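Report on the structure given below.
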Amino acid sequence: MSRADWGEEEGLVADVLVIGGGMAGAWAATAAAREGAHVVLVEKGYCGTSGATAAAGPGHWWAPPDPPEARANAIAQRQRIAFGLGEPDWMRRVLDETWRLLPTLAQYYEFPKDDQGKVRNYRALRGPEYMRALRQQIVDLGVVVLDHSPALELLAHADGAIGGAAGIRTQRGGSRWRIAAGAVILAAGGTSFRSHLLGSRNNTGDGYLMAAEAGAELSGMEFTAAYTVAPQHSTMTRTMSYAFADYFDADGRQIDAPFGPDQTERLAQALLAGPVYCSLARLPEDVQRHLPTISPNVMLPFARWGIDPFRERFEVTLHTDGTIRGIGGVRVRSEDCGAGIPGLYVAGDTASRELVAGASSGGGNVNSAWALSSGTWAGRAAARRARRVPASFGGLKALGGAGLRPSGRARPASAAEAVAAVQAEMHPYDKNLFRTGKGLAASRRALDAVWSDLAAHAGGEGGTAALALREAAALVASARWSVATAEARTETRGMHRRLDHPALDADLTVRLIASGFDTVTVRPEAIAVPSPFESVA
Amino acid sequence: MIELIVAERCTACDRCVEVCPSNVFEPTAAGPPVIARPDDCQTCFMCELYCTADALYVGPNADHAESADQLVVLASGLLGQYRRDSGWDEWRDRYPNEQWLMETVFRRAAEDAR
Ligand SMILES: Cc1cc2nc3c(=O)[nH]c(=O)nc-3n(C[C@H](O)[C@H](O)[C@H](O)COP(=O)(O)OP(=O)(O)OC[C@H]3O[C@@H](n4cnc5c(N)ncnc54)[C@H](O)[C@@H]3O)c2cc1C
Chain H
141 MSRADWGEEE GLVADVLVIG GGMAGAWAAT AAAREGAHVV LVEKGYCGTS GATAAAGPGH
201 WWAPPDPPEA RANAIAQRQR IAFGLGEPDW MRRVLDETWR LLPTLAQYYE FPKDDQGKVR
261 NYRALRGPEY MRALRQQIVD LGVVVLDHSP ALELLAHADG AIGGAAGIRT QRGGSRWRIA
321 AGAVILAAGG TSFRSHLLGS RNNTGDGYLM AAEAGAELSG MEFTAAYTVA PQHSTMTRTM
381 SYAFADYFDA DGRQIDAPFG PDQTERLAQA LLAGPVYCSL ARLPEDVQRH LPTISPNVML
441 PFARWGIDPF RERFEVTLHT DGTIRGIGGV RVRSEDCGAG IPGLYVAGDT ASRELVAGAS
501 SGGGNVNSAW ALSSGTWAGR AAARRARRVP ASFGGLKALG GAGLRPSGRA RPASAAEAVA
561 AVQAEMHPYD KNLFRTGKGL AASRRALDAV WSDLAAHAGG EGGTAALALR EAAALVASAR
621 WSVATAEART ETRGMHRRLD HPALDADLTV RLIASGFDTV TVRPEAIAVP SPFESVA
Chain S
3 MIELIVAERC TACDRCVEVC PSNVFEPTAA GPPVIARPDD CQTCFMCELY CTADALYVGP
63 NADHAESADQ LVVLASGLLG QYRRDSGWDE WRDRYPNEQW LMETVFRRAA EDAR
C-alpha cells in the first residue's frame, strides 16, 4: 500500500495504549497510570463527550459489603434474569470494585449531598459530568489524551503478541499515527448498528473487529435484541419517564404494554402494525417538575418541538441498542480481562458482559459497573505487563484486513451502502427482535454478500475515507457474528427471542463463541462451574 | 441535528470544534466555525453544554434538518437550556444535579405497576 498518500506518520511510544475514551477507557487509563505506567489514550471523537456514557446518566450496580446479605441479594436478583449465563464470582468482584472505586472520583465529580452534608449516593452519575470528571482525572494523572484520533488497526509482534496500534487524526487531514506499547486495551464501546441510540454514532464495533483480527473470539453476540423507546425522529433513548408511559395506536386505542419485562416486545408488535403514540400524563407531578434537573436532556426535543409531553400525545419509535444495552462482545479469557492474546485486554462494552449480565440487558446498572471494573482490571494488568515487555516498533506487523487491505483488487467501495445493509438486517423488529430461523438465514446471506465485497475490494484509501470503510467493516462483521449466533441458539432465552423456538432449551445453557471473517464459525462452550456462592440464589 | 451557530453570540472560541464527538464543525481563520459536516451530527446536544455563549442550536430531529429559523430560535429562549438545566458554569448554584432521584422514580413506577 502506498504510504505517500497518507502523509507524514506520527510515532509515539507508551507503556499502555488505551483505545476508546468512554467510561471503560477512562477508568482503564486511570488504573494503568496509578500503577505508574506511561499511558496514551486515543479517542475517535472527544474523550468527555463521545460514547454511550457521555450522553446518558449511568446508574451503577451497587451493593455495599454491609449488611452482608446486600451483595448476596443483588447477585441472586441478577441471577434470576441471567437465565443460567451469569457467573456469581464475576458479579461479586464487580460489585466490590464499583463500591471501592466510585467514591474516589469525589475530587472531580460533585456528588450531591443532603442537608447534613452527607453524599446522597455514589451510584447514579450524570453522563456529561462523569466523563468530564474522568477526563480531568486522567489528564492530572499524566495520561496523554489524543482526541479525534481513531485507531484503525492493531499492530502485532512476530509471536502474535499485541504491541501497538495505528490510526488517523481526523482533525489533521487524516494524517497517520502509529503507537508502540507494551500492552493495548480495547475500550471502543459496543455497537448499536448505527441506530439513533443516543451517543452511539462512533460505536461501530471497531473493538470487536480489531480484537478478532488479532485472533480473539466473540461471546454472546446473539444478545443484541435490546430496544429502547424514544420520540419519533429523536435520539432521546432515556428511559426513566417512560416507566409511567401509556401507549396508543393511531385510532387512540390504548395498547396493552404495561411497564415490565414484556413492554418492549408489545411495543414492537404495535409498531409493526402502525404508528404508536405515547402519553406521559401519569408521570407524577413532582417528577415532572424535577425532570429537567434529574435528566436535563430529556426535555430538549419536547421543548424544541413545542410538545407538552404531559398533556399531549407524541409519536414514538424503538431504537436498537445492539450490544450497548445488549450483551455480546469480545470473549474475556482471564480475571484481568485479557482477550486470550498476549498484550491485549478488553473493557466495557467491547468485552462480553454475559459474565455479569447473563441473557438480559445490562443497561440500567450492570453495564456501568462492568465498564468501571473491567477497565480497572485491564488497566492494572496492562501496566504490569508493560513493565515486563517494553514497547518497541521493531518488527511490528499491521493486522488490519477488511476496509484497509483488500484481499483482491481494490476498487471504489461504498461504506454508506454497507452500513445501510447492516441497518436493514439489524434494526427491523421483525428481523432482530422477533427472530426466526428463516429470517436469520436471509439476513446471513445478505450480510455475507456485503462482507465478501468489502473484504475483497475495499481499501487502499487514506484519511477519513479509510475510517469510514473500517467502520463499515466492523459493523458488517459484528452483524454477521450476531446473526450466526442467533441462528445457532435455537431457543428463547432472555432478550434472544426465537418465534420458531419459543421455549428455553436447558441443553443450550452454554456460551456461543463466534469467530472468523470469511467463514463465521459458532461453537458452544460450557459455562464455568458455578461457585458455591450461587447456592445463595 | 446541528442547525445553527448564532454568529452574533459566538465568540469564536472553537470549543465546539474541539468537543464535538463527530467532528461536525470546522474552524475558520477569522470568526465563528462553520457546520462543515452536518450529516455526521449524532444529535447528542453535547456541544451546547460546552458553549458558554449559548450560540449553538441542535434540532431534535436526527433524521433530517428542520431548517430552524434563527430569529424564532433566538426569541424562543431555548438557547442555553441544556447548559442551564444541567447547572453548568454560572448556573451551578441554581440548578442542582438531581440524577440521584432517578432510582426512586423507577421504584415508584414498579410499585404503581403492581
Ligand atoms: C441512553 C443510555 C443510557 C444508559 N444508561 C445506563 C445506566 O443507567 N446504567 C448502566 O449500567 N448502563 C447504561 N447504559 C449502558 C452504558 O452506557 C454502557 O454500557 C457504557 O457506556 C459502556 O462504556 P464504554 O466505555 O464501554 O463505551 P462508551 O462509553 O460508548 O465509549 C466508547 C468510546 O470508544 C470510542 N471509540 C470507538 N471506536 C474507536 C476507535 N476505533 N478508536 C478510538 N476510539 C474509539 C467512542 O468514540 C467512545 O467514546 C446506557 C446506555 C445508553 C445508550
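From first to last, the protein sequence lines are chains H and S. Count along the first sequence from 1, then add 140; that gives the number in our numbering. Count along the second sequence from 1, then add 2; that gives the number in our numbering. Think of the CB as a built atom: it goes at the ideal place given N, C-alpha and C, for glycine as much as any other residue. Note that the structure is predicted; figures quoted are calculated from it, not measured.
Legend entry - Near ligand 1: Asp489 of chain H beta-carbon under 8 Å from a heavy atom: yes
Legend entry - Proximity of Tyr367 of chain H and His430 of chain H at Cβ, strictly below 9 Å: no
Legend entry - Nearest neighbour of Val623 of chain H, chosen from H:Gly504, H:Gly199, H:Ala214, H:Thr463 [CA to CA]: H:Thr463
Inset, instruction - Would you kindly report the start and end of the unbroken alpha helix (DSSP H) that includes Thr106 of chain S? - result: 104-115
Inset, instruction - Grab the span of the beta strand (DSSP E) containing Leu338 of chain H for me, first residue to last. - result: Where Leu338 of chain H is concerned, there is no enclosing beta strand (DSSP E), given that its DSSP letter is neither H nor E.
Inset, instruction - Within the segment 585-665 of chain H, note down every full alpha helix (DSSP H) run reaching 4 residues or more, in order along the chain. - result: 603-628
Legend entry - Where Ser374 of chain H meets chain S, residues with beta-carbon distance less than 8 Å: Thr45, Pro62, Asn63, Ala64
Inset, instruction - Determine the direct distance from the alpha carbon of Tyr387 of chain H to that of Ala397 of chain H, and round the result to whole angstroms. - result: 7 Å
Inset, instruction - Under 7 Å between beta-carbons, which chain S residues line up against Ala169 of chain H? List them in chain order, please. - result: Going along chain S, no residue has its Cβ under 7 Å from Ala169 of chain H, so there is no contact; the nearest lies around 18 Å.
Inset, instruction - Indicate whether Gly360 of chain H and Ile467 of chain H have their beta-carbon atoms separated by less than 9 Å. - result: yes
Inset, instruction - Between the Cα of Met163 of chain H and those of H:Val180, H:Gly191, H:Lys184, spot the shortest distance and give me the residue it belongs to. - result: H:Gly191
Inset, instruction - Note down the Cα distance separating His178 of chain H from Ala301 of chain H, rounded to an integer number of angstroms. - result: 19 Å
Legend entry - Glu92 of chain S at chain H interface by Cβ criterion, 9 Å: no
Inset, instruction - Express the C-alpha separation of Asp647 of chain H and Asp42 of chain S in angstroms, rounding to a whole number. - result: 45 Å
Inset, instruction - To the nearest angstrom, report how far apart Gly347 of chain H and Arg585 of chain H are at their CA atoms. - result: 24 Å
Inset, instruction - Go through its chain and collect everything with a Cβ distance to Lys442 of chain H's Cβ below 8 Å, but skip five positions before and after it. - result: The question names Lys, but residue 442 of chain H in the sequence shown is Phe. Correct list, in chain order: Pro371, Asp448, Pro449, Phe454.
Inset, instruction - Using a cut-off of 7 Å between C-beta atoms, extract the partners of Tyr367 of chain H located in chain S. - result: What Tyr367 of chain H touches in chain S: nothing, since even the nearest Cβ is about 16 Å away.
Legend entry - Range of the contiguous alpha helix (DSSP H) that encloses His430 of chain H: 425-434
Legend entry - Bounding residues of the alpha helix (DSSP H) (the contiguous stretch that carries Arg524 of chain H): 506-528
Inset, instruction - Return yes when the C-beta of Thr377 of chain H is under 8 Å from any heavy atom of ligand 1, and no when it is not. - result: yes
Inset, instruction - Could you name the residues of the same chain whose beta carbon sits closer than 8 Å to that of Gly282 of chain H, not counting the 5 residues immediately before and after it, in chain order? - result: Ala173, His178, Val179
Inset, instruction - Tell me whether the beta-carbon of Asn507 of chain H lies closer than 9 Å to the beta-carbon of Ala518 of chain H. - result: no
Inset, instruction - Can you give me the start and stop residues for the alpha helix (DSSP H) that Asp461 of chain H sits inside? - result: It is not in any alpha helix (DSSP H) - Asp461 of chain H instead sits in the beta strand (DSSP E) that spans 454-462.
Inset, instruction - Could you tell me which chain H residues have their CB closer than 9 Å to the CB of Val26 of chain S, listed as they occur along the chain? - result: Going along chain H, no residue has its Cβ under 9 Å from Val26 of chain S, so there is no contact; the nearest lies around 10 Å.
Legend entry - Inter-residue CB distance, Ala55 of chain S and Gly61 of chain S (contact presumed, cutoff 8 Å): In fact, because the Cβ distance is near 19 Å, the residues do not count as touching under 8 Å.
Inset, instruction - Go through its chain and collect everything with a Cβ distance to Gln403 of chain H's Cβ below 6 Å, but skip five positions before and after it. - result: Ala397
Inset, instruction - May I ask whether a heavy atom of ligand 1 can be found less than 8 Å away from the beta carbon of Pro62 of chain S? - result: no
Legend entry - Residue span of the alpha helix (DSSP H) that contains Trp167 of chain H, given as start and end: 163-174
Inset, instruction - Let me know the secondary structure DSSP gives Val486 of chain H once reduced to three states. - result: strand
Inset, instruction - Check each candidate in H:Arg393, H:Gln563, H:Val660, H:Ile159 and name the one with the smallest Cα separation from Met350 of chain H. - result: H:Ile159
Inset, instruction - Can you give me the start and stop residues for the alpha helix (DSSP H) that Pro208 of chain H sits inside? - result: From DSSP, Pro208 of chain H is part of no alpha helix (DSSP H); its letter is neither H nor E.
Inset, instruction - Please state if the CB of Leu265 of chain H and the CB of Leu242 of chain H are separated by a distance shorter than 9 Å. - result: yes
Legend entry - Cα-Cα separation, Ile7 of chain S to Gly483 of chain H: 45 Å
Legend entry - 9 Å Cβ cutoff met for Ala608 of chain H and Ala668 of chain H: no
Inset, instruction - Quick one: grab the DSSP three-state call for Val2 of chain S. - result: Absent from the model: residue 2 of chain S. The displayed extent of chain S is 3 to 116, so no value can be given.
Inset, instruction - With 9 Å as the threshold, decide whether the Cβ of Trp445 of chain H is near any Cβ in chain S. - result: yes
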